[in-house]
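Beneath this line is the structure, given in structure tokens, with notes to follow.
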Amino acid sequence: MENIVIIDCGSQFTQLIARRVRELHIHSVVLSWDAPRSRIAELAPLGVIVSGGPDSVNEPGAIAVDRGLFDLGVPILGICYGMQLMTKVRGGTVASGERPEYGVTPIERRGESALFKDLADNLEVLMSHGDRVAAVPPGFRVTAETAHGVIAAMEDEEGRCFGLQFHPEVVHTQQGTRILRQFLFEVCGCRGDWNLGDWIEDAVADIRERVGDGRVVCGLSGGVDSSVAAALVHRAIGPQLECIFVDHGLMRLNEACQVMDSYNGLGLSVRHVDASELFLGKLAGVTDPEKKRRIIGGLFIEVFDAEAAKVGRVDWLLQGTIYPDVIESGSKKGSVLIKSHHNVGGLPEKMKLRLLEPLRDLFKDEVRELGRLIGVPDAIVNRQPFPGPGLAVRCLGEITRPRLDTLRAADAIFREELQRAGLYEKIWQSFCVLLPVRTVGVMGDGRTYNEVLALRAVNSQDAMTADWVRIPPEVLDVTARRICNEVRGINRVVLDVTSKPPATIEWE
Ligand code: XMP
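Below you can see the structure in the form of structure tokens.
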């Protein structure tokens with residue numbers, strides 16, 4: 328199998344490079360910066376990409392790759408810090424602290440380059456660097472520069488070693504994928520005959536080897552990530568996997584049943600724990616959003632733990648962590664995205680379990696694609712993200728069964744109308760929020776004094792930022808009419824037209 332090795336020097340974009348390589352149907356292995364030459368050679372790569380990183384090559388103790396990497400005889404592409412490392416090892420100079428550039432910057436090409444073949448002379452690229460190459464190593468030439476004379480690209484005379492000061496892997500770089508494609512296909516000679524199906528085979532083999540005859544427990548939330556992770560592990564180890572679905576009574580209309588049906592269809596062994604009485608009991612009278620979240624998080628762990636204890640011997644906890652979560656957990660405290668599997672946070676230590684996270688290198692859309700390939704039903708694969716605390720954070724004020732039922736009924740209508748308009752699956756998240764505010768209305772000949780419902784629909788790439796969706800007025804119109812007519816307890820519908828920031832996606 329053709330292989331590309333990606334050396335990770337600590338950049339947040341390393342997995343994005345891996346993703347781009349996967350998109351071009353080429354297998355890659357990400358190795359840490361300290362991987363010895365022998366480990367890299369063992370993989371017989373057709374090429375090596377050295378990622379960016381936060382260090383400065385001129386600082387003592389900065390990350391340094393095995394210099395032997397540069398004698399492997401395979402093409403090498405150094406990106407940002409990778410380019411600076413290449414410069415230093417090959418005898419060029421790197422300047423620190425002068426002319427840093429962050430953001431989209433125009434560059435101009437100089438001379439011919441296999442990487443830029445058939446591309447325009449001027450490109451906009453994403454720069455994010457403090458250091459820069461001041462003098463290219465002997466035998467190298469500059470192939471692109473910024474308006475300020477910063478060397479944006481270089482390569483050696485043999486056309487085997489390339490350095491890019493910018494990030495071809497991010498969408499903000501014009502023709503970035505094309506540049507990577509040129510390196511991988513034209514320079515390294517890849518054919519591109521790998522696909523996600525091969526990824527599945529590798530993952531299954533890896534899970535089998537790691538888990539051996541161990542037993543795995545998994546908390547299912549009905550969401551895409553945990554479901555696909557479970558389906559994948561089930562494919563690898565079948566009955567050694569035991570799943571637990573804690574039903575907190577805060578799901579959308581009929582969702583708990585649908586989710587269980589899907590799991591049964593997949594052949595998963597799932598313990599459905601109906602803990603709704605417990606959750607709703609503890610939430611009675613609670614209106615503070617943080618208190619609601621704390622109660623739900625705490626109870627979830629308690630219930631999951633108690634159920635897992637019934638499974639018998641367990642060695643591993645399976646989690647549907649995906650790459651954006653990995654980036655997030657490294658990010659500062661206070662980050663807003665808390666995925667459902669984080670609801671079992673603290674469990675691995677408490678239960679002395681090892682963590683199995685087979686999806687941790689993948690992005691959401693890849694997880695969806697993988698799910699489809701392994702037969703996870705569309706109802707789950709296409710499911711919108713749903714917060715761990717469920718409708719509790721969409722039922723503002725006190726959470727009671729009647730208010731939850733009202734919210735569920737309205738939410739089902741909103742979803743139905745979006746589906747009818749062919750919009751539901753194009754939207755990142757759409758839902759209703761029940762407000763603890765009463766307003767006066769008139770229905771028939773009578774005065775009403777009922778609660779207000781807000782419609783919320785947002786589009787997003789990663790939930791870190793989001794834009795409100797411009798739903799056509801006729802769809803909003805029919806939704807609002809139907810909700811007021813069909814759902815008891817609501818006489819006014821409003822639309823949330825705030826993006827994130829300044830608002831968050833959920834209201835609590
Ligand atoms: P916010 O409201 O912070 O939400 O903009 C960002 C994304 O995270 C989801 N969310 C959660 N998911 N547990 C989760 O599993 C939670 O406690 C939680 N809170 C918010 C939210 O639906 C959106 O996709």
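If you want the numbering used here, it's the position in the sequence shown, counting the first as 1, plus 327.
Ideal Cβ positions, reconstructed from N, Cα and C, are used throughout, including at glycine.
Everything numeric in this text was worked out from a predicted model, so none of it was measured.
From the listed residues G624, V469, F690 and L626, the smallest Cα separation to I434 is found for V469. The shortest C-alpha to C-alpha distance from G625 to any of V573, P729, F340 and V653 is the one to V573.
Residue pairing of G374 in beta bridges, as defined by DSSP: I331.
If only complete runs of 4 or more residues are kept, the segment 674-718 shows the alpha helix (DSSP H) at 674-677, 691-700 and 705-708, in order along the chain. CA-CA distance, T775 to V720, rounds to 26 Å. Note on the segment 594-641: whole alpha helix (DSSP H) runs with a minimum of 4 residues are 603-610 and 616-638, in chain order. DSSP, read as helix, strand or coil, puts I564 in helix.
Using a C-beta cut-off of 8 Å, the segment 515-531 makes contact with the segment 352-361, since at least three inter-stretch Cβ pairs fall below that distance. Residue pairing by DSSP places L343 opposite no residue, since no beta bridge is assigned to it. Cβ-Cβ separation between E569 and V544: approximately 5 Å, consistent with a contact (criterion under 8 Å). With a threshold of 16 other beta carbon atoms within 10 Å, Y408 meets it and is buried. With a beta-carbon spacing of about 7 Å, F510 and F489 fall inside the 8 Å limit used to define contacts. Burial check for K618: the Cβ neighbour count within 10 Å stays below 16, so the residue is exposed. As for any alpha helix (DSSP H) of minimum length 4 sitting wholly inside the segment 475-537, the runs are 503-508, ordered along the chain. The closest heavy atom of ligand 1 lies 7 Å or more from the beta carbon of A602.
F627 and F713 have their C-alpha atoms some 16 Å from each other. In this model, I534 and D588 are separated by some 26 Å (Cα to Cα). Boundaries of the alpha helix (DSSP H) around P800: P800 to E813. Note on N581: under 16 other CB atoms within 10 angstroms of its CB, so exposed under the neighbour-count rule. Bridge partners of N581 according to DSSP: none are assigned. Fully contained in the segment 352-409 are the following alpha helix (DSSP H) runs of length 4 or more, in chain order: 364-369. Burial state of T614 is exposed, judged by a 10 Å Cβ sphere holding fewer than 16 other Cβ atoms.
One Cα belongs to G418, the other to V375, and the distance between them is close to 20 Å. For F741, the enclosing alpha helix (DSSP H) stretches over residues R728 to R747. Here D794 carries a strand assignment [DSSP, helix/strand/coil].
Looking only at P402, E835 and V357, the smallest Cα-Cα distance to R621 is reached by E835. A461: member of the beta strand (DSSP E) spanning R459 to A462, first to last residue. Between I506 and H575, the CB-CB gap reaches or exceeds 8 Å. Taking 8 Å as the cut-off, the Cβ atoms of P716 and L607 do not count as close. Under the Cβ criterion (8 Å, minimum of three pairs), the segment 750-767 does not count as touching the segment 633-651. By the neighbour-count criterion, in which a residue is buried when 16 or more other Cβ atoms sit within 10 angstroms of its Cβ, N777 is buried.
By the criterion of a C-beta distance shorter than 8 Å, A368 is surrounded in its chain by L399, once the five residues flanking it on both sides are discounted.
One alpha carbon belongs to V431, the other to G395, and they sit about 34 Å apart.
With fewer than 16 other Cβ atoms inside 10 Å of its own Cβ, Y429 counts as exposed. Beta-bridge partners of L782 (DSSP): C759 and L822. In the three-state reduction of the DSSP assignment, L644 falls in the strand class, which pools E and B.
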